[in-house]
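Enquirer: Residue numbers (full-length UniProt numbering): 1 to 297.
Just so it is clear, CB atoms sit at the ideal spot from N, CA and C, and this is done for glycine as well.
These numbers come from a predicted model, not from an experiment.
Got a structure for you, written out below as structure tokens; questions coming shortly.
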């Protein structure tokens, strides 16, 4: 690994100023779980890194505001999210999914800001946060701007972050109490590997009828995507295995998965189909109890 300069600002304003440069090799570093691997393999050779470790404690806070929205500071570690009673009370699907995200050594240092800023489509949290209509707050010299996660994640390892910008917070709107979800992922290599495909489904039901559906897919695709056509199909449908099977077929009808070392495009399409159906099947029983569901395949 080549030598580099480490800048350690103590305020957000100082960090943003250090990052406001035309030099594309200047990057922020928090947990560094992805960045350090890229540096060790010489895929990325920076001359200067801007450490975020000394930034104020408010960037490490998790809380629910008076309107019921969940706020997660950008420097909150994934392990802190996993163990947070605030996150668990807000949506147990998030907490349960985090327990099998990579391994505990990674979760102890990786931050939610870095998790999203990296733009890796294989990450576990983005599809869940996308289904929950999460927003990303971005700070810069000009102030702050807020983007829906859907607009922040632009493509394969590509985000809307510009030079001199940092994620400062993730905000998740309150979801209906009657809505429950299930997250399901499939890993093709090791149990703690990034998933080959992951699917999250949420249903709000009125007795045996679906009032609202939210479904997001990632890992098999170049970025996390919402399946709006499937959500529309499910609305006002009766809860049944047949409806879930039809929804799964619709989910993959226009899907074009990316082939890689974890599987071919055709294989991933089949895995997504199965994951959509199974995630939906897991919701009705959990919705009776106000708890989410999680399955690791």
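#1: Leaving out five residues before and five after residue 287 in sequence, what residues of the same chain have Cβ atoms less than 7 angstroms from its Cβ?
#2: Is residue 274 near residue 248, with beta carbons less than 9 angstroms apart?
#3: Would you mind reading off the limits of the alpha helix (DSSP H) that contains residue 62?
#4: Quick one, which of 92, 131, 82, 127 has its alpha-carbon nearest residue 107's?
#5: Roughly how many angstroms lie between the CA atoms of residue 157 and residue 223, to the nearest whole one?
#6: Can you look up residue 58 in the DSSP assignment and give me helix, strand or coil?
#7: Does the distance from the C-beta atom of residue 235 to that of residue 210 stay below 9 angstroms?
#8: Going straight from the alpha carbon of residue 153 to that of residue 282, what length do you get?
#9: Count the other CB atoms, across all protein chains shown, that sit within 10 Å of the CB of residue 58; report buried if there are 16 or more and exposed otherwise.
#10: Return the CA-CA distance between residue 74 and residue 61, expressed in angstroms with no decimal places.
#11: Hey, would you say residue 125 sits closer than 9 angstroms to residue 278, going by beta carbons?
#12: When burial is assigned at 16 or more other CB atoms within 10 Å of the CB, is residue 165 buried or exposed?
#13: Can you give the Cα-Cα distance for residue 148 and residue 214, rounded to whole angstroms?
#14: Residue ranges of each alpha helix (DSSP H) run of no fewer than 4 residues wholly in the stretch 121-195, ordered along the chain?
#15: Just verifying my parser: in three-state terms, what is the DSSP assignment at residue 223?
#16: Take residue 6 and list the residues in its own chain whose beta-carbon comes closer than 7 angstroms to its own, dropping the five residues that flank it on each side.
#17: Could you pull the start and end residues of the beta strand (DSSP E) that residue 212 belongs to?
#18: Tell me which same chain residues have a C-beta within less than 6 angstroms of the C-beta of residue 25, skipping the five on either side of it?
#19: Taking the alpha-carbon of residue 116 as reference, which of 169, 89, 90 has the nearest alpha-carbon?
#20: My output table needs one value for residue 70: the three-state DSSP class, helix, strand or coil.
#21: Among 92, 54, 56, 110, which has the Cα closest to the Cα of residue 70?
#22: What's the gap between the Cα of residue 174 and the Cα of residue 200?
#23: Less than 9 angstroms between the C-beta atoms of residue 272 and residue 217, yes or no?
#24: DSSP on residue 113, reduced to helix/strand/coil?
#25: Count the other CB atoms, across all protein chains shown, that sit within 10 Å of the CB of residue 189; report buried if there are 16 or more and exposed otherwise.
#26: Taking buried to mean at least 16 other C-beta atoms within 10 Å of its own C-beta, is residue 191 buried or exposed?
#27: What did DSSP end up calling residue 261 once you bin it into helix, strand or coil?
#28: Mapping DSSP to helix, strand and coil, what is residue 282?
#29: Check for me: the alpha helix (DSSP H) holding residue 83 runs from which residue to which?
Expert: Concretely, from the data shown:
#1: Position 287 of the chain shown, counting from 1, holds the residue named residue 287. Note that residue 287 has pLDDT 41, beneath the 50 cutoff, so the model's placement of it is unreliable and the number below is only indicative. So the list reads 180, 203, 205, once near-sequence residues are dropped.
#2: Here residue 274 corresponds to residue number 274 of the chain shown, with the count starting at 1. Here residue 248 corresponds to residue number 248 of the chain shown, with the count starting at 1. Cβ atoms of residue 274 and residue 248: closer than 9 angstroms.
#3: As a working mapping, residue 62 is identified with position 62 in the chain shown. Per DSSP, residue 62 belongs to no alpha helix (DSSP H); it is in the beta strand (DSSP E), 62-64.
#4: For the purposes of this step, residue 107 is taken as residue 107 along the chain shown, with counting starting at 1. If we check each option's Cα against that of residue 107, 82 comes out closest.
#5: Counting from one through the chain shown, the residue named residue 157 turns up at place 157. Counting from one through the chain shown, the residue named residue 223 turns up at place 223. C-alpha separation (whole angstroms): 8 angstroms.
#6: Within the chain shown, residue 58 is the residue found at index 58, counting from 1. Correct three-state label for residue 58: helix.
#7: Residue numbering aside, residue 235 sits at position 235 when the chain shown is read from its first letter. Residue numbering aside, residue 210 sits at position 210 when the chain shown is read from its first letter. Yes, the pair counts as a contact, with Cβ atoms nearer than the cut-off.
#8: The residue given as residue 153 occupies position 153 in the chain shown. The residue given as residue 282 occupies position 282 in the chain shown. One C-alpha to the other measures close to 28 angstroms.
#9: Numbered from 1 along the chain shown, position 58 holds the residue referred to as residue 58. Its Cβ having fewer than 16 others within 10 Å, residue 58 is exposed.
#10: As a working mapping, residue 74 is identified with position 74 in the chain shown. As a working mapping, residue 61 is identified with position 61 in the chain shown. Using only the alpha carbons, I get a separation of about 9 angstroms.
#11: Locating residue 125 in the chain shown gives position 125, where the first residue counts as 1. Locating residue 278 in the chain shown gives position 278, where the first residue counts as 1. No, Cβ-Cβ distance for residue 125 and residue 278 is not below 9 angstroms.
#12: Looking up residue 165 in the chain shown gives position 165. Buried.
#13: Position 148 of the chain shown holds residue 148. Position 214 of the chain shown holds residue 214. For residue 148 and residue 214, the distance between alpha carbons rounds to 15 angstroms.
#14: 125-131, 149-152
#15: Counted from its first residue, the chain shown places residue 223 at position 223. Residue state, collapsed to three classes: coil.
#16: Residue mapping note: residue 6 aligns to position 6 of the chain shown, counting from 1. If we look at residue 6 and ignore the five residues flanking it on each side, its Cβ neighbours are 49, 51.
#17: Looking up residue 212 in the chain shown gives position 212. For residue 212, the enclosing beta strand (DSSP E) has its first and last residue at 209-218.
#18: For the purposes of this step, residue 25 is taken as the residue at position 25 of the chain shown. The residues are 46, 47.
#19: Working through the chain shown from its first residue, we reach residue 116 at position 116. When each option's Cα is compared against that of residue 116, the closest is 169.
#20: Against the chain shown, residue 70 aligns to sequence position 70. Residue 70: strand per DSSP, three-state reduction.
#21: Stepping through the chain shown from its first residue, residue 70 is reached at position 70. Closest by alpha carbon: 92.
#22: If you number the chain shown from 1, residue 174 lands on position 174. If you number the chain shown from 1, residue 200 lands on position 200. Roughly 17 angstroms separates the two Cα atoms.
#23: Residue numbering aside, residue 272 sits at position 272 when the chain shown is read from its first letter. Residue numbering aside, residue 217 sits at position 217 when the chain shown is read from its first letter. In this structure, residue 217 lies closer than 9 angstroms to residue 272 by Cβ.
#24: Counting from 1 along the chain shown, the entry for residue 113 is found at position 113. It is helical.
#25: If you number the chain shown from 1, residue 189 lands on position 189. Burial call: exposed.
#26: Position 191 of the chain shown, counting from 1, holds the residue named residue 191. Under this definition residue 191 is an exposed residue.
#27: To locate residue 261, count along the chain shown from 1; it is residue 261. Residue 261: coil per DSSP, three-state reduction.
#28: Residue mapping note: residue 282 aligns to position 282 of the chain shown, counting from 1. Looking at residue 282 - three-state DSSP - the assignment turns out to be helix.
#29: Taking the chain shown and counting its residues from 1, one reaches residue 83 at position 83. Run containing residue 83: 78-83, per the alpha helix (DSSP H) assignment.
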